[in-house]
């Protein structure tokens, strides 16, 4: 009985921690509040952008200033960005949680950068990472909801297979 109670306590604590929103620092000159409201954002791209995939579409899930929820996060514990390509494949973490991922660009906009785990990709080891650039575009609003939200379709996206870096621009 003690083991069952301990297991329940651990699962409850883990769920509370993962859904907790941390204070997200402000970014001078930019209102990033809308980006931090949803439980997570999501969008789909062609399979060539997925790190380990031959199936389309490639699903991306990401969040800011909190962990992805357990529903999306079954294999991406303590992460902020995951991708998967089918119901049969496990999600792949491509971005660990970062307290403040936002960095201003030299010109208009800012970016968020996340580093992921070291994985085997196409026969060699590489460190997965993702850089999301946000160019201030009033024609592409980020409309938040309290749960998951659909991100605007990226205007540019690419995967560097040598470095396992994904770059996405909104």
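In our numbering, the protein residues as written are 48 to 217. Even for Gly, the Cβ is constructed at its ideal location relative to N, Cα and C.
Between the segment 106–116 and the segment 127–141, do at least 3 Cβ pairs fall closer than 8 Å? The segment 106–116, when compared against the segment 127–141, does touch it at the 8 Å Cβ threshold.
Using beta-carbon positions only, say whether residue 206 and residue 89 come within less than 9 Å of one another. Position 159 of the chain shown, counted from the start, is the residue given in the question as residue 206. Position 42 of the chain shown, counted from the start, is the residue given in the question as residue 89. No, they are not a contact pair.
Check residue 288 in the structure and name its three-state DSSP category. Any question about residue 288 goes unanswered here, given that the chain covers just 48 to 217.
Taking only three categories from DSSP, how would you classify residue 126? Within the chain shown, numbered from 1, the residue matching residue 126 stands at position 79. It is a strand residue.
Where does residue 133 fall in DSSP's three states? Start at 1 with the first residue of the chain shown, and residue 133 comes out as number 86. In this structure, DSSP gives residue 133 a state outside helix and strand, which the three-state scheme calls coil.
Note the first and the last residue of the continuous beta strand (DSSP E) segment covering residue 214. Indexing the chain shown from 1 puts residue 214 at position 167. Looking at the DSSP string, the run of the beta strand (DSSP E) that includes residue 214 is 212–216.
Closest to residue 146 by C-alpha separation, out of 76, 192, 83, would be which residue? Taking the chain shown and counting its residues from 1, one reaches residue 146 at position 99. Of the candidates 76, 192, 83, the one whose C-alpha sits nearest the C-alpha of residue 146 is 83.
Range covered by the beta strand (DSSP E) that runs through residue 89: The residue given as residue 89 occupies position 42 in the chain shown. Start and end: 87–92.
Buried or exposed, going by whether 16 or more other CB atoms sit within 10 Å of the CB of residue 200? Residue numbering aside, residue 200 sits at position 153 when the chain shown is read from its first letter. By the 10 Å Cβ count, residue 200 comes out exposed.
How far does the beta strand (DSSP E) with residue 105 in it extend, from its first residue to its last? Locating residue 105 in the chain shown gives position 58, where the first residue counts as 1. First-last of the beta strand (DSSP E) with residue 105: 105–109.
From 148, 183, 96, 190, residue whose alpha carbon lies closest to that of residue 155: As a working mapping, residue 155 is identified with position 108 in the chain shown. Ranking the options by Cα distance to residue 155, first place goes to 183.
When the distance is taken between beta carbons, is residue 176 closer than 9 Å to residue 150? Your numbering for residue 150 matches position 103 in the chain shown. Your numbering for residue 176 matches position 129 in the chain shown. Between residue 150 and residue 176, the C-beta spacing is not below 9 Å.
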